[in-house]
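Right, one structure below, let's go through it.
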Amino acid sequence: MSWTYWEEYYDGTRYGFSSTPRNGHLFGHPVPPMIAKEDAAGVVSGTTSHFSRAFPQVKVALEGGQVVKVTGGAAYGDAWRGLLEESKHTQYPCFPRPGLFYLWEVAIGTNPKIVRPSGIDKHSSGGFEWERRRSGVIHMGFGTLWRSAEEKWAGENGILYGHLHVHLLFPTFTITTKNGKEHTIIRNGRLTALDDPDVRKLAEKYGDPDDFLREDWIPQIPGITSAGSYEDYARNPGKWIYAQSA
């Protein structure tokens with residue numbers, strides 16, 4: 111999928127954009143309020159989120175920055191489709207058109223030493239939230255900004271609010287400048303800054319840069335990092351994930 115970094119987003123008023131990086135949560139997309147010409151479009155797919163068990167692959171289709179269709183995902187997808195229907199006529203103060211589910215969160219993890227919790231099968235909720243902090247992982251968020259003025263407004267008026275996530279474990283994220291130059295921020299799940307000579311030189315002050323900057327956890331996904339069929343995995347990821355942690 112793709113979107114444009116419109117100049118209007120960089121007026122200094124939006125949460126999360128500053129000279130101080132956000133530890134484990136670098137923003138790759140502007141946050142609300144979204145402007146009318148927001149153009150994020152494409153499909154986001156995944157099998158994990160923050161607060162649920164792993165689910166069959168969900169596909170979230172966007173046009174003009176807004177979710178237009180949710181396919182698959184079993185119970186997670188069913189719940190999302192219900193909320194999409196419930197909110198489709200609501201005009202939120204932070205969005206240009208009615209509806210709750212606009213893309214705003216493209217949050218980049220930065221710590222190569224993060225691992226998915228052991229015994230993930232025993233976590234009732236929130237176990238997969240931890241993995242989002244690992245370097246090169248992106249979690250995509252759709253809905254209202256957490257604890258924002260628009261969420262307060264919605265709560266006071268008894269209106270649905272919040273945002274839902276899909277985790278991307280092996281993304282490639284490339285920014286193209288106005289003159290056509292490309293900068294690859296993440297390549298196949300590897301945060302490229304970790305290979306920068308200046309970063310490696312800094313790491314040398316504390317030990318072996320190969321050790322410091324190497325990911326301690328690589329998700330084992332059939333068809334991507336291990337033998338097997340991704341299509342089979344995507345139909346029932348829990349069967350594979352929970353067997354690994356048993």
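Numbered according to the working numbering, the sequence shown spans residues 111 to 356.
Glycine is no exception: its CB is placed at the ideal position from the N, C-alpha and C atoms.
Q. So, are the CB atoms of Asn267 and Phe280 less than 9 Å apart?
A. One-based indexing of the sequence shown puts residue 267 at position 157. One-based indexing of the sequence shown puts residue 280 at position 170. Asn267 is not a Cβ neighbour of Phe280, given a cutoff of 9 Å.
**Q.** Straight-line Cα distance separating Trp240 from Arg324
**A.** Taking the sequence shown and counting its residues from 1, the one referred to as residue 324 is at position 214. Taking the sequence shown and counting its residues from 1, the one referred to as residue 240 is at position 130. Arg324 and Trp240: Cα-Cα distance of roughly 18 Å.
Q | Supposed close pair Gly122, Val141 - CB separation, criterion 8 Å | A | Within the sequence shown, residue 122 is the residue found at index 12, counting from 1. Within the sequence shown, residue 141 is the residue found at index 31, counting from 1. Between Gly122 and Val141, the beta carbon gap of about 13 Å keeps them out of contact (Cβ cut-off 8 Å).
Q) In or out: Gly156 buried (at least 16 other Cβ within 10 Å) or exposed? A) Within the sequence shown, residue 156 is the residue found at index 46, counting from 1. Gly156 should be labelled buried.
Q | Ala185 to Phe165 span [Cα, whole Å] | A | Here the question's residue 185 lines up with position 75 in the sequence shown. Here the question's residue 165 lines up with position 55 in the sequence shown. Going by C-alpha positions, Ala185 is about 8 Å away from Phe165.
Q.
If contact is defined by three or more beta carbon pairs under 8 Å, each pair taking one atom from either stretch, is the segment 300 to 309 in contact with the segment 224 to 231?
A. At 8 Å Cβ cutoff, the stretches do not touch.
Q: Compare the C-alpha of Glu117 against each of Phe283, Lys147 and Ile351 and name the closest.
A: The residue you call residue 117 lines up with position 7 of the sequence shown. If we check each option's Cα against that of Glu117, Lys147 comes out closest.
Q: Leaving out five residues on either side along the sequence, give the residues of the same chain with a beta carbon under 6 Å from the beta carbon of Ser336.
A: The sequence position of residue 336 within the sequence shown is 226, counting from 1. Apart from sequence neighbours up to five positions away, the residues of its chain that approach Ser336 with a beta-carbon distance below 6 Å are Gln330, ordered along the chain.
Q) Taking the Cβ atom as the reference point for each residue, do Gly219 and Val247 lie within a distance shorter than 9 Å? A) By 1-based counting over the sequence shown, the position of residue 219 is 109. By 1-based counting over the sequence shown, the position of residue 247 is 137. In this structure, the beta-carbon distance from Gly219 to Val247 falls below 9 Å.
Q. Per the contact definition of three or more C-beta pairs closer than 8 Å, is the segment 198 to 217 in contact with the segment 252 to 265?
A. Between the segment 252 to 265 and the segment 198 to 217, the count of C-beta pairs closer than 8 Å reaches three or more; the two stretches touch.
(Q) If we require 3 or more residues per run, which beta strand (DSSP E) segments fall completely within the segment 191 to 275? (A) Restricting attention to beta strand (DSSP E) runs no shorter than 3 residues, the segment 191 to 275 encloses them at 213 to 218 and 248 to 253, ordered along the chain.
Q. Quick one: is Thr158 buried, meaning 16 or more other Cβ sit within 10 Å of its Cβ, or exposed?
A. Numbered from 1 along the sequence shown, position 48 holds the residue referred to as residue 158. Counting Cβ neighbours within 10 Å, Thr158 comes out buried, since at least 16 surround it.
Q.
Does Ile295 come out as helix, strand or coil in the three-state DSSP assignment?
A. Residue mapping note: residue 295 aligns to position 185 of the sequence shown, counting from 1. Strand.
Q: Could you pull the start and end residues of the alpha helix (DSSP H) that Ala171 belongs to?
A: Along the sequence shown, read from residue 1 onward, the residue named residue 171 stands at position 61. Element bounds for Ala171: not the alpha helix (DSSP H) but the beta strand (DSSP E), Val168 to Glu173.
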